[in-house]
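Novice: Numbering (this note's numbering), first residue to last: 2 to 271. Cβ atoms here follow ideal geometry from the backbone N, Cα and C, with glycine treated the same way. Everything numeric in this text was worked out from a predicted model, so none of it was measured. First the structure, then my questions, so here it is.
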């Protein structure tokens with residue numbers, strides 16, 4: 002099958018799999034968006050193995066088309082701008098799509114339901130990671146939530162982290178963490194919650210043999226944590242961890258998307 006044929010096949014399957022969207026009209030120009038939307042809104046459940054193989058083949062080829070970025074292509078901050086920061090040879094800043102990174106683990110800024118974003122084609126990182134990994138990621142997260150909650154209502158605590166497989170992403174694992182939501186004002190409790198996110202991710206990474214980890218800018222998007230404060234906490238927490246557990250992690254990458262965040266991280270790691 003060509004990529005186009007796989008795309009048509011998957012759209013047809015997911016439409017038939019959905020009561021609400023089975024009669025959705027699809028045009029040639031919006032097919033990829035339709036597939037992503039159908040995957041986004043789908044409740045966690047398995048699919049036949051033959052369909053899963055086509056689903057996986059399609060997403061893996063899509064990852065190759067986007068361009069996979071290997072770890073040795075990402076310079077450290079010492080190499081990038083002669084940073085004098087502590088552990089400058091173990092820290093990187095990389096701007097771009099985190100789903101392209103071929104590292105041991107990438108960090109997902111999840112919500113407390115821990116099932117990914119159900120809003121079709123939403124621009125949050127949770128949606129992007131689940132869309133690129135594929136439906137198996139939601140299924141694994143759901144299995145974890147049911148096991149922990151013993152089939153009762155359960156929400157993952159703020160500041161905690163879990164690790165899953167990465168499925169069709171180039172990385173090996175996804176570490177999901179629930180960041181704090183900033184409402185009326187930023188408080189010390191919220192700062193401590195964000196610090197816990199980074200600590201929890203680094204701890205679970207070291208416990209699972211993760212040697213390279215890429216952090217997104219946790220809580221700075223939909224959760225409204227101020228970018229400059231978030232970067233300061235992130236850098237301080239990572240350096241403290243490297244100081245105490247230097248042999249457990251070889252590389253920490255601060256993945257940024259906006260120019261503003263790139264500038265902020267560079268200032269914190271000058």
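Tell me where the alpha helix (DSSP H) around residue 61 begins and ends.
Specialist: In the chain shown, counting from the first residue as 1, residue 61 sits at position 60. Here the alpha helix (DSSP H) through residue 61 covers 50–67.
Novice: Could you pull the start and end residues of the alpha helix (DSSP H) that residue 93 belongs to?
Specialist: Counted from its first residue, the chain shown places residue 93 at position 92. Counting along the chain, residue 93 falls outside any alpha helix (DSSP H), though it belongs to the beta strand (DSSP E) covering 92–96.
Novice: Classify residue 139: buried if its beta carbon has 16 or more other beta carbons within 10 angstroms, exposed otherwise.
Specialist: Within the chain shown, the letter at position 138 stands for residue 139. It counts as buried.
Novice: Can you tell me whether DSSP reads residue 71 as helix, strand or coil?
Specialist: Counting from 1 along the chain shown, the entry for residue 71 is found at position 70. Three-state result, residue 71: strand.
Novice: Evaluate the contact criterion for the region 240–258 versus the region 83–94: three or more CB pairs, one atom per stretch, below 8 angstroms.
Specialist: The region 240–258, when compared against the region 83–94, does touch it at the 8 angstroms Cβ threshold.
Novice: Please report how far the alpha carbon of residue 257 lies from the alpha carbon of residue 192, in whole angstroms.
Specialist: Here residue 257 refers to the residue found at position 256 when the chain shown is read from its first residue. Here residue 192 refers to the residue found at position 191 when the chain shown is read from its first residue. Those two C-alpha atoms are separated by around 20 angstroms.
Novice: To the nearest angstrom, report how far apart residue 13 and residue 171 are at their CA atoms.
Specialist: Taking the chain shown and counting its residues from 1, one reaches residue 13 at position 12. Taking the chain shown and counting its residues from 1, one reaches residue 171 at position 170. Looking at the two C-alpha atoms, the distance is approximately 26 angstroms.
Novice: Comparing C-alpha positions only, which one of 29, 15, 164 sits nearest to residue 23?
Specialist: The residue given as residue 23 occupies position 22 in the chain shown. The residue with the shortest Cα to Cα distance from residue 23 is 15.
Novice: Indicate the three-state DSSP secondary structure (helix, strand or coil) for residue 152 in the structure shown.
Specialist: Along the chain shown, read from residue 1 onward, the residue named residue 152 stands at position 151. Low per-residue confidence applies at residue 152: pLDDT is 48, beneath 50, and the placement is therefore not dependable, though the value from the model is reported in the following sentence. Coil, per DSSP.
Novice: What do you get for residue 117, buried or exposed, if any count of 16 or more other CB atoms within 10 angstroms of its CB means buried?
Specialist: Translated into positions along the chain shown, residue 117 becomes position 116. Counting Cβ neighbours within 10 Å, residue 117 comes out buried, since at least 16 surround it.
Novice: Any idea what DSSP makes of residue 1, helix, strand or coil?
Specialist: Nothing can be reported for residue 1: it is not among the residues displayed for the chain, which extend from 2 to 271.
Novice: My understanding is that residue 180 touches residue 220, with C-beta atoms under 8 angstroms, so please give their C-beta distance in whole angstroms.
Specialist: Position 179 of the chain shown holds residue 180. Position 219 of the chain shown holds residue 220. About 3 angstroms separates the two Cβ atoms, so the contact holds.
Novice: What residue does the beta strand (DSSP E) around residue 109 start on, and which one ends it?
Specialist: Stepping through the chain shown from its first residue, residue 109 is reached at position 108. From DSSP, the beta strand (DSSP E) with residue 109 extends over 106–111.
Novice: How is residue 89 classed by DSSP in three states: helix, strand or coil?
Specialist: To locate residue 89, count along the chain shown from 1; it is residue 88. Reduced to three states, the DSSP call for residue 89 is coil.
Novice: Am I right that residue 243 and residue 84 are in contact with their C-beta atoms under 8 angstroms? What's the rounded C-beta distance?
Specialist: What you label residue 243 is simply residue 242 of the chain shown in a count that begins at 1. What you label residue 84 is simply residue 83 of the chain shown in a count that begins at 1. That belief does not hold up - the Cβ atoms of residue 243 and residue 84 are roughly 14 angstroms apart, past 8 angstroms.
Novice: Just grab the DSSP bridge partners of residue 103 for me.
Specialist: On the chain shown, position 102 is the one that residue 103 refers to. Residue 103 pairs with 71.
Novice: Tell me, please, which residues DSSP counts as bridged to residue 256.
Specialist: Position 255 of the chain shown, counted from the first residue, corresponds to residue 256. BP columns for residue 256 point to 95.
Novice: Classify residue 33: buried if its beta carbon has 16 or more other beta carbons within 10 angstroms, exposed otherwise.
Specialist: For the purposes of this step, residue 33 is identified with residue 32 of the chain shown, where counting begins at 1. Exposed.
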